[in-house]
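Residue numbers for the sequence shown, in this note's numbering: 113 to 552. Beta carbons are placed, not taken as given, at the ideal position from N, Cα and C, and that holds for glycine.
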Amino acid sequence: MTTTGEEHARALTGPWWWARRRSAVLDGGLALLSAAECAAEGVPFAREAGIPVSVGVLFGLIAGAVLLVRRKWPIAVVLVAIAVTPAEMGFLMGVVGLYTLASCELPRRVIGALSGMSLLGTAVVTFVRVRQDMARGDLTLGDWFLPFAAVTTSLGLTAPPVLLGLYVGARRRLMESLRERADSLERELQLLAERAEERAEWARNEERTRIAREMHDVVAHRVSLMVVHAAALQAVARKDPEKAVRNAALVGDMGRQALTELREMLGVLRAGGDAVRRPSGVPLAAVGEAAEAAASRAAQSRAAAEAGEGPCLSELEELVGQSAAAGMVVDLSVEGEVRSYPAEVEQTAYRVVQEALTNVHKHAAGAKTYVRLAHRVSEIAMQVENEPPPEPASASAAGLPSGGNGLVGMRERVVALGGVFVSGPTDAGGFRVSAVIPAA
Numbered sequence: 113m114t115t116t117g118e119e120h121a122r123a124l125t126g127p128w129w130w131a132r133r134r135s136a137v138l139d140g141g142l143a144l145l146s147a148a149e150c151a152a153e154g155v156p157f158a159r160e161a162g163i164p165v166s167v168g169v170l171f172g173l174i175a176g177a178v179l180l181v182r183r184k185w186p187i188a189v190v191l192v193a194i195a196v197t198p199a200e201m202g203f204l205m206g207v208v209g210l211y212t213l214a215s216c217e218l219p220r221r222v223i224g225a226l227s228g229m230s231l232l233g234t235a236v237v238t239f240v241r242v243r244q245d246m247a248r249g250d251l252t253l254g255d256w257f258l259p260f261a262a263v264t265t266s267l268g269l270t271a272p273p274v275l276l277g278l279y280v281g282a283r284r285r286l287m288e289s290l291r292e293r294a295d296s297l298e299r300e301l302q303l304l305a306e307r308a309e310e311r312a313e314w315a316r317n318e319e320r321t322r323i324a325r326e327m328h329d330v331v332a333h334r335v336s337l338m339v340v341h342a343a344a345l346q347a348v349a350r351k352d353p354e355k356a357v358r359n360a361a362l363v364g365d366m367g368r369q370a371l372t373e374l375r376e377m378l379g380v381l382r383a384g385g386d387a388v389r390r391p392s393g394v395p396l397a398a399v400g401e402a403a404e405a406a407a408s409r410a411a412q413s414r415a416a417a418e419a420g421e422g423p424c425l426s427e428l429e430e431l432v433g434q435s436a437a438a439g440m441v442v443d444l445s446v447e448g449e450v451r452s453y454p455a456e457v458e459q460t461a462y463r464v465v466q467e468a469l470t471n472v473h474k475h476a477a478g479a480k481t482y483v484r485l486a487h488r489v490s491e492i493a494m495q496v497e498n499e500p501p502p503e504p505a506s507a508s509a510a511g512l513p514s515g516g517n518g519l520v521g522m523r524e525r526v527v528a529l530g531g532v533f534v535s536g537p538t539d540a541g542g543f544r545v546s547a548v549i550p551a552a
């Protein structure tokens with residue numbers, strides 16, 4: 113496995129321009145070998161040039177030590193190696209310098225020009241030296257050997273280090289590109305994981321809101337009717353025992369219905385909570401998948417709720433009858449051709465009427481209420497309007513509390529389906545709730 117860019121940056125622990133200490137040690141060792149080679153080759157050069165041997169050795173030491181800066185200034189090293197080629201010194205420096213030059217991120221024309229200069233210089237020096245040896249009689253080969261020796265020597269000292277350097281440079285750039293891509297991929301995975309966590313948190317908040325809305329709709333209406341019937345039961349218990357018995361039976365039925373709906377809802381929640389269990393210690397690549405699974409928990413719970421039995425528009429008459437049995441005067445009118453709708457649309461329409469009737473029980477007990485339902489071509493409309501209560505004190509006669517979340521829940525339900533919700537007081541002193549929901 114390759115290290116990431118951050119780890120690679122922390123690995124730069126070498127002195128000066130070296131990335132690592134071992135690179136500095138390697139260049140130092142090569143510089144010592146090159147200096148020793150050039151110093152040894154400086155002795156015959158000094159004798160041929162007619163200068164003191166110490167000057168030739170010192171010149172060789174200085175020239176060979178230039179290899180120490182090959183990583184910082186590779187062009188300078190190659191130029192020095194070309195300059196000392198006529199003195200027949202710096203072979204190690206030339207080979208290592210050409211390799212370093214070819215492996216660096218320099219323009220190809222610069223690498224080609226300096227390599228060509230080194231090739232030409234080596235060929236010329238080799239040609240001259242071999243010709244001098246043949247003239248002195250040290251070599252008895254034919255004239256064909258002169259160009260052969262010049263070409264083979266120059267190619268042997270130039271082509272291998274240049275080709276190897278080009279290969280190593282290309283491989284190094286490839287590794288750096290892969291490292292950058294790995295860093296980019298890691299950042300993208302982290303960003304995806306963060307976004308998935310945000311989506312999961314948003315889904316959890318939406319699911320909590322939906323659960324609170326469902327609990328409010330289920331409990332508020334049933335319990336409100338139970339409180340109203342209980343108050344009526346207390347009032348007529350001694351005067352009309354038969355009516356008291358009927359009210360007690362209604363309270364029991366409503367309590368059982370409320371418990372049944374609550375049990376179904378809790379069963380859905382328990383199934384949705386056990387559907388996905390997020391493992392601990394997941395790797396980075398699996399964070400997105402786990403978060404996506406958590407984000408889909410709301411959709412699974414909603415689908416499970418829709419698959420079960422829920423309220424629908426066919427139960428609207430029963431709902432109105434329950435309010436009428438509690439003493440409310442309710443007028444139900446249905447317009448248009450009755451047809452079936454998606455489960456979510458029917459449940460929302462039912463809950464809007466249910467919550468509106470509950471608000472009438474809470475805030476306008478005894479007021480006459482009109483429930484209108486209209487089946488249109490591409491939408492369904494509903495309206496619940498009540499007149500002012502007959503007595504101002506009757507609104508709170510049953511002592512029903514109000515949390516102020518009913519209208520908010522109705523609006524959220526309708527808007528979630530792309531509908532329109534309007535509520536507010538009427539000019540006559542009553543209250544009106546209107547909603548229009550698309551049929552699809």
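- L290 counts as exposed, since fewer than 16 other beta carbons sit within 10 angstroms of its beta carbon.
- Collapsing the DSSP output to three states places S289 in a helix.
- Using a 10 angstroms sphere on the CB of L337, the tally of other CB atoms reaches 16 or more, which defines it as buried.
- Taken through DSSP and simplified to helix, strand or coil, P164 comes out as coil.
- Beyond the five residues adjoining it in sequence on each side, P502 comes within less than 6 Å, by CB distance, of G478 in the same chain, given in chain order.
- Rounded to whole angstroms, V534 and Q495 show a C-alpha spacing of 10 Å.
- Straight across, the Cα-Cα distance linking E467 with M522 is about 8 Å.
- In the DSSP assignment, I492 is bridged to H487 and I549.
- If only complete runs of 3 or more residues are kept, the stretch 440-486 shows the beta strand (DSSP E) at 442-447, in order along the chain.
- In the DSSP assignment, G536 falls outside any alpha helix (DSSP H) and within the unbroken beta strand (DSSP E) covering V532 to P537.
- Leaving aside the five residues that flank T238 on each side, the residues in its chain whose CB is nearer than 8 Å to its CB run, in chain order, A261, A262, T265 and S266.
- Bridge pairing for F543: N498 and P537 [DSSP].
- DSSP assignment within the stretch 184-222 yields the following whole alpha helix (DSSP H) runs of 4 residues or more, N-terminal first: 186-195 and 203-215.
- Annotated three-state conformation of K351 is coil, per DSSP.
- Rounded to the nearest whole angstrom, the CA to CA distance from V548 to V526 is 8 Å.
- Counting only the Cα atoms, E292 lies some 53 Å from V165.
- In this structure, the beta-carbon distance from V192 to V169 does not fall below 8 Å.
- The distance from the Cβ of L180 to that of A152 is about 18 Å, inconsistent with a contact at the 8 Å cut-off.
- Annotated three-state conformation of R307 is helix, per DSSP.
- Cβ atoms of K184 and W129 come within 8 Å of each other, at about 5 Å.
- If you ignore the 5 residues before and after G536, its C-beta comes within less than 7 Å of the C-beta of R544, all in its own chain and listed in chain order.
- The beta carbon of L276 sits closer than 7 Å to those of Y211, all from its chain and outside the five residues before and after it, given in chain order.
- Ranking R484, V472 and E373 by CA distance to the CA of L428 puts R484 first.
- The way I'd put it, the stretch 190-207 does touch the stretch 220-239; three or more beta-carbon pairs between them come closer than 8 Å.
- Membership of L180 in any alpha helix (DSSP H) is not indicated, and neither H nor E is assigned to it by DSSP.
- When the Cα atoms are used, A349 and A437 turn out to be separated by approximately 16 Å.
- Distance check between V520 and each of N471, H487, A476 and T481 places N471 closest, using alpha-carbon atoms only.
- Counted as a single uninterrupted DSSP element, the alpha helix (DSSP H) harbouring L428 occupies residues L428 to A437.
- Collapsing the DSSP output to three states places R132 in coil.
- V442 and V432 do touch by the CB rule: their CB atoms are close to 5 Å apart, below 8 Å.
- Taking L345 as the centre and dropping the five residues before and after it, the same chain places the C-beta of A356, N359, A360 and V363 closer than 8 Å to its C-beta, in chain order.
- The beta carbons of P423 and Q369 sit no closer together than 8 Å.
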